[in-house]
Amino acid sequence: MLTLKQLHGLYVITHEQLMPEQHFMQMAEASLAAGASILQYRDKSTDTAKRLEQAENLKKACHKHAAIFIINDDISLAKKIDADGVHLGREDLSVKEAREQLGTEKIIGVSCYNQISLAREAIDQKADYIAFGSFFNSSVKPDAAVASPNLITEIKKISDIPVCCIGGININNCKPLIESGADMLAVISEVFSSTDEKHIHDRCRQLSLVFNVTTHP
Numbered sequence: 442m443l444t445l446k447q448l449h450g451l452y453v454i455t456h457e458q459l460m461p462e463q464h465f466m467q468m469a470e471a472s473l474a475a476g477a478s479i480l481q482y483r484d485k486s487t488d489t490a491k492r493l494e495q496a497e498n499l500k501k502a503c504h505k506h507a508a509i510f511i512i513n514d515d516i517s518l519a520k521k522i523d524a525d526g527v528h529l530g531r532e533d534l535s536v537k538e539a540r541e542q543l544g545t546e547k548i549i550g551v552s553c554y555n556q557i558s559l560a561r562e563a564i565d566q567k568a569d570y571i572a573f574g575s576f577f578n579s580s581v582k583p584d585a586a587v588a589s590p591n592l593i594t595e596i597k598k599i600s601d602i603p604v605c606c607i608g609g610i611n612i613n614n615c616k617p618l619i620e621s622g623a624d625m626l627a628v629i630s631e632v633f634s635s636t637d638e639k640h641i642h643d644r645c646r647q648l649s650l651v652f653n654v655t656t657h658p
């Protein structure tokens, strides 16, 4: 059974443009083998068969490496393959609606962007974790709202809900977020900017090391 204690550490998110189909699983596997704690499958394409196959393969890989498998947005896909949970954005279902469909055992995460009010709402609706960002310039979402590390410290004053940080995070800028109380660091291009498995492995190892050293000095 999944526990909230597992919502900790490196959180990798797939990206269909950065991860060509012929390299997709090898790239994902490299991140998991290097210590990613959570993997989110994010694919906005309309190729239903491809998405189902990739999601099923990712679930197997995640569980092989004792990692949590989250699906972005798609409740029906999450139900179909029995994923560990879903991540919701502002255009998606509410936590309450997702919970009704998925049940109490599944993880539900919510994007709160740079808004404390959205975080409070997610907490009230019993989300399992919240995500703030973008903290830095992001090549994936260049127009994303800018978030401050103060958001993390403010929310930690009122709740022990796990907090995920996202947006332009890399080895050189992640430490202040961890020091502010971030439980998870979400990365995309920092890890998957190259199809080279050694590059992915090394970046994941380095990020995990910074996280572990900062949280356990």
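In the working numbering, the protein residues as written are 442 to 658.
Backbone N, C-alpha and C fix where the C-beta goes; we use that ideal spot for every residue, glycine too.
Supposed contact pair residue j and residue i - C-beta distance, whole angstroms, cut 8 Å
i           : j           : result
residue 634 : residue 459 : 7 Å
residue 513 : residue 483 : 4 Å
residue 518 : residue 493 : 7 Å
Other residues of its chain near residue i: CB distance less than 7 Å, five sequence neighbours each side excluded
i           : result
residue 631 : 610, 611 and 644
residue 473 : 480, 502, 503, 506 and 508
residue 656 : 619
residue 500 : 510, 522 and 524
From the options, residue whose alpha carbon lies closest to that of residue i
i           : options               : result
residue 602 : 622, 618 and 584      : 622
residue 618 : 651, 640 and 636      : 651
residue 532 : 548, 594 and 552      : 552
residue 573 : 544, 624, 613 and 538 : 624
residue 464 : 637, 642 and 648      : 637
Contacting residues, own chain, Cβ-Cβ under 8 Å from residue i (five flanking each side not counted)
i           : result
residue 509 : 443, 447, 448, 478, 479, 480, 503, 525, 526 and 548
residue 536 : 529, 549, 551, 563, 566, 567 and 568
residue 515 : 492 and 527
Euclidean distance between Cα positions of residue i and residue j
i           : j           : result
residue 542 : residue 511 : 15 Å
residue 471 : residue 579 : 23 Å
residue 576 : residue 606 : 7 Å
residue 599 : residue 649 : 27 Å
Close beta carbons around residue i, own chain, < 6 Å, minus the five adjacent residues each side
i           : result
residue 597 : 622
residue 498 : 466
(message) Tell me whether the segment 575–591 and the segment 548–566 touch, counting them as touching only if at least three CB pairs, one residue from each stretch, are closer than 8 Å.
(response) yes
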